[in-house]
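Taking full-length UniProt numbering, the leading residue of the sequence shown gets 1, the next gets one more, and so forth. Glycine included, C-beta positions come from ideal geometry on N, C-alpha and C. Note that the structure is predicted; figures quoted are calculated from it, not measured. Okay, so here's the structure we're looking at.
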Amino acid sequence: MERLKESDLTAATHGIPLCRKAWTAYIGCLLVAVVMTFVLRLAFNHSQLAAAGVLAASTLLIGYRVLLIRSVQLYYDDAGVWLYSGVLPWQRGIRGIKWRDLDQASYAQSFGSWLLRSWSIRVAHRFTPASEIRLTHMARGREAVALINERHQQALRDDRLA
């Protein structure tokens, strides 16, 4: 799996986007918000200072998690399939698989994924299973997998994978 430098992060704007996180990825944030509401009510019983601390901490935690979910983007370009993610400067980055090293892309089929339109996808590396891209709760994941496999087969037919 190739890891690009910080200066290559602009490449995310030049690729063709495949998919992002689905609405189901935000369910965890909603559950944390509900729990923090009850904790906030308990903190108000103790003191206003404790309540302010709980409110600040929960706002930062939930806000960060939402931004992290929104940052995930799978895209492709002429070089391969790439995943961009990260919120903070030291976390932001692109990792991916070049077309020549790609094995196949697949998605998990289930009643839940069909009903909720939220797919788990896997983009496998041909040589290193540890370098594969695994993503859950992806909107348009089924279409992204089909497009990746079609593009890879086209590159194999045209013998462009040197």
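Comparing C-alpha positions only, which one of the options sits nearest to residue i?
i: C19; options: R134, G93, Q73; result: Q73
i: V32; options: N45, T24, I62; result: I62
i: E132; options: I16, S58, G96; result: G96
i: G80; options: R100, F111, A146; result: R100
i: K98; options: C29, Q48, A155; result: A155
i: R41; options: I16, R157, S58; result: S58
i: Y64; options: Y26, Q48, F44, G53; result: Y26
i: L147; options: L30, I121, A130, D159; result: I121
Report the three-state DSSP secondary structure of residue i (helix, strand or coil).
i: L83; result: strand
i: L74; result: strand
i: S58; result: helix
i: L88; result: coil
How many whole angstroms separate the CB atoms of residue i and residue j, which I take to be in contact at a CB cut-off of 8 Å?
i: Y84; j: I69; result: The pair is not a contact, with the Cβ atoms about 13 Å apart (cut-off 8 Å).
i: A124; j: Q109; result: Contact flag wrong, Cβ pair sits at about 17 Å.
i: L102; j: R126; result: 6 Å
i: L67; j: V87; result: 5 Å
i: R117; j: A144; result: With a Cβ gap of about 13 Å, R117 and A144 do not count as contacting.
i: G15; j: Y76; result: 6 Å
i: R142; j: Y107; result: 5 Å
Taking the alpha helix (DSSP H) that residue i falls in, what are its first and last residues?
i: R92; result: Run containing R92: none; DSSP gives neither H nor E here.
i: A43; result: 27-46
If you follow the beta strand (DSSP E) that residue i is part of, which residue opens it and which one closes it?
i: residue 179; result: The displayed coordinates of the chain run from 1 to 162. Any statement about residue 179 would go beyond what the structure contains.
* In chain order, each beta strand (DSSP E) run of at least 3 residues that lies wholly inside the region 94-156 -> 102-107, 119-125, 133-139
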